[in-house]
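Heads up: the structure comes next, in structure tokens.
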Amino acid sequence: MTPLPDDCLTRNEWICGVYLSTRRQILLDAVVQHLQLTFLSVLIGLVVAVPLAVLARRWGWAAGPVLAVTTILYTVPSLAMYSLLLPLYGLSAALVVAGLALYSLTVLVRNVLAGLRAVPEETRQAARGLGYGPVRLLLAVELPLALPAAMAGLRIATVSAVSLATVGAIVGYGGLGNLIYTGMNSYFKAQVLTASVLCVLIAVAADLLLLGVQRLITPWTRAARA
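So the sequence shown is numbered by our numbering: it starts at 46 and just counts up by one.
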């Protein structure tokens with residue numbers, strides 16, 4: 046009878062280099078799926094949130110209903126959210142993306158709207174005096190000035206999506222959440238710890254990347270602080 050190898054895998058240790066070397070492709074696939082779920086959901090949420098915030102800014106009466114609906118969406122538990130979306134998307138990655146996109150609307154709509162509301166009225170009047178129409182005013186003046194608040198919301202929404210994407214493991218599309226879920230069921234310590242650490246690293250890297258983008262596209266905020 047061949048004796049079992051005496052390594053960190055057989056000893057089921059939390060930190061295990063053998064796990065990293067033997068499951069490299071599995072980890073890579075999980076990271077790629079996690080990034081795809083996060084990117085698509087936040088992108089869809091942003092595409093929906095900006096028009097909603099613009100409408101709420103243009104017509105003040107719409108702000109209350111828009112904020113109320115997006116807030117209610119965020120209070121729906123993830124299991125209930127996926128159950129409600131299941132008839133539309135089935136057990137697919139689209140189900141997870143749709144759920145994460147809906148969750149992101151709360152933060153994105155609020156921050157974009159706050160940024161638009163913070164644009165000084167005298168700035169709008171000056172732009173109109175220069176012949177800016179509503180569309181040009183929005184694209185060239187209001188949205189650029191709303192970028193700091195919008196980017197802050199985008200950072201929060203992205204980090205939240207990285208975390209909430211793990212819940213997609215309940216339908217088989219959770220990226221690193223799949224490894225965490227199966228690892229907890231089998232008490233596979235190295236898998237649980239490695240996948241959890243990778244989730245944290247992705248969240249931190251995404252936040253730092255977006256912070257860098259924010260500083261790059263809003264140089265006037267650095268000048269104001271200086």
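Beta carbons are placed, not taken as given, at the ideal position from N, Cα and C, and that holds for glycine. Computed from a prediction, not measured in an experiment: that's the story for all the values here.
With distances taken between CA atoms, residue 156 lies nearest to 194 out of 201, 131, 194 and 182. The segment 102-119 makes no contact with the segment 231-238; the number of CB pairs closer than 8 Å stays below 3.
Where residue 167 is concerned, the enclosing alpha helix (DSSP H) starts and stops at 166-174.
The way I'd put it, the segment 211-230 doesn't touch the segment 172-179; fewer than three beta-carbon pairs between them come closer than 8 Å. Rounded to whole angstroms, the separation of the alpha carbons of residue 160 and residue 245 is 28 Å.
Residue 216 and residue 176 have their C-alpha atoms some 53 Å from each other. Per the C-alpha coordinates, the member of 235, 243 and 252 positioned closest to residue 56 is 235. Excluding its 5 nearest sequence neighbours in each direction, residue 200 has C-beta neighbours in its own chain below 6 Å: 252 and 255, listed in chain order. DSSP, reduced to helix, strand and coil, places residue 183 within a helical segment of the structure shown. Comparing alpha-carbon positions, the option among 97, 66, 241 and 188 lying closest to residue 210 turns out to be 241. For the pair residue 223 and residue 214, the Cα-to-Cα distance works out to about 5 Å.
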